[in-house]
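The sequence shown finishes on residue 266 if you use our numbering, and the numbering steps up by one all the way, no holes. Using N, Cα and C, we set each Cβ at its ideal position, and we do this for glycine too.
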Amino acid sequence: MAPDSWVVVGGWGAASTEFSEGLARRMMLHLVKPVFKLFPDDEEYVRIEEDIDNIKGAIVVQSFEKPASRSLVYSILIADALREAGVSNIVLMAPYMAYTRQDRVFLPGEPISVRAVMRALSSSGYKALASIEVHKDYVLRHFNGPTLNMFPFTYMMREAGVSCGEDTIIVAPDIGSLPRVERLARETGCTSYGYLVKERDRVTGEVRLVKSTVDPRGKDAIVVDDIISTGGTIALASQWLLEKGAKVL
Ligand code: R5P
């Protein structure tokens with residue numbers, strides 16, 4: 018690899034591997050593939066075997082796939098290995114960024130998890146952070162450095178061959194998703210959109226619909242959310258839309 022150039026470093030897990038390969042190809046950068054192992058007690062181990070002396074910087078691709086805690090530890094260890102090799106320009110590309118939901122204290126005694134994680138990533142050596150749809154833009158302010166939150170939905174609709182017609186309605190399954198629905202409607206020229214209001218039991222995690230601002234009768238409904246975890250939210254919204262006469266989900 019040419020000295021004074023940037024490299025892409027593939028993080029742990031299938032999603033990170035695939036994403037890093039695509040990114041390196043498109044950016045025409047060398048792809049560094051660290052070795053990932055577990056010690057017998059399940060502790061993570063990473064090693065960058067290649068000689069990366071004199072490189073200018075590294076883009077580490079680490080999506081926070083399951084278990085998120087393992088992805089987090091690996092991203093911290095990779096940054097440390099890079100610093101140890103003398104690399105100081107380190108950017109984290111986290112296509113999926115975990116820990117963003119707990120962005121405030123909902124019940125007394127809870128932490129602000131996203132703040133704790135962003136602080137850990139900053140202090141491990143990452144100078145900049147890029148992600149795709151991080152739940153709420155403002156969570157990135159906890160990161161100490163420049164950040165980028167990419168909006169994927171317009172691209173996803175185009176790639177899926179879905180366009181906005183007269184009979185299309187874009188629906189946010191909860192009010193938190195409304196800003197992304199408004200933006201998607203603006204970017205796709207969709208005039209019909211709205212949101213549902215859900216309530217989540219903070220202890221059991223159960224969700225229920227309490228209100229809606231949409232009339233989906235006879236319309237193709239596109240439900241837009243940032244995370245599907247248990248599927249409870251998306252299932253509830255889809256079921257409600259079908260019951261109210263939506264054509265397609
Ligand atoms: C919540 O605020 C998020 O935007 C998602 O709606 C939520 O995380 C989805 O979780 P689940 O699939 O478990 O309902």
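Could you give the DSSP three-state label for residue i: helix, strand or coil?
i, result
"Glu101", "helix"
"Gly222", "coil"
"Tyr91", "helix"
"Met135", "helix"
To the nearest angstrom, how far is the alpha carbon of residue i from that of residue j?
i, j, result
"Trp23", "Leu213", "45 Å"
"Leu253", "Arg132", "30 Å"
"Ile251", "Pro190", "7 Å"
"Pro163", "Asp218", "35 Å"
"Asn71", "Ala102", "9 Å"
"Phe36", "Pro233", "36 Å"
"Cys181", "Ser140", "44 Å"
"Tyr172", "Asp58", "42 Å"
"Thr34", "Tyr113", "13 Å"
"Phe81", "Ala137", "14 Å"
"Ala3", "Glu38", "The chain is shown from 18 up to 266; residue 3 falls before or after that span and cannot be answered."
Whose CA, out of the options, lies closest to the CA of residue i?
i, options, result
"Arg197", "Gly178, Thr185, Phe170", "Phe170"
"Ile76", "Val104, Ala85, Glu61", "Val104"
"Val224", "Thr230, Glu216, Pro128", "Glu216"
"Met167", "Asp243, Pro128, Val49, Ala137", "Asp243"
"Ala177", "Pro84, Ala41, Ile239", "Ile239"
"Val108", "Gln256, Thr117, Arg87, Gln79", "Gln79"
"Asp154", "Thr117, Asn161, Tyr172, Val188", "Thr117"
"Ile187", "Arg87, Cys207, Lys83", "Cys207"
"Met135", "Ala202, Gln256, Glu204, Ile93", "Ile93"
"Ile192", "Leu55, His152, Arg158", "His152"
"Val231", "Glu260, Leu55, Ala145", "Glu260"
"Asn161", "Gly249, Ala145, Ser246, Arg200", "Ala145"
"Phe53", "Glu127, Gly222, Arg87", "Arg87"
"Ala31", "Met45, Phe56, Pro84", "Pro84"
Between residue i and the rest of its own chain, which residues show a CB-CB distance below 8 Å, the 5 nearest in sequence each way excluded?
i, result
"Ile95", "Val26, Gly28, Pro51, Val63, Ile65, Val77, Gln79"
"Asp184", "Gly235, Lys236, Asp237, Lys264"
"Gln119", "Glu127, Pro128, Ile129, Ser130, Val131"
Between which residues of its own chain and residue i is the CB-CB distance below 6 Å, once the five residues before and five after are set aside?
i, result
"Ile69", "Ala102"
"Ala41", "Val25, Leu48"
"Arg100", "Gly142"
"Leu195", "Ala189, Tyr212"
"Tyr210", "Ile187, Val198, Ala202"
Ordered along the chain, which non-local residues of its own chain (more than five positions away) have a Cβ less than 7 Å from that of residue i?
i, result
"Lys73", "Asp21, Ser22, Trp23, Asn106"
Check: Which runs of the alpha helix (DSSP H) fall wholly inside the region 153–219 and span at least 4 residues, in chain order?
Finding: The qualifying runs are 170–176, 195–205.
Which whole runs of the beta strand (DSSP E) in the region 229–266 are 3 residues long or more, in chain order?
Runs of beta strand (DSSP E) with 3 or more residues, each lying fully within the region 229–266, are found at 237–240, listed in chain order.
List, from N- to C-terminal side, the beta strand (DSSP E) runs of 3 residues or more that fit wholly inside the region 18–99.
23–27, 47–49, 52–55, 61–64, 74–78
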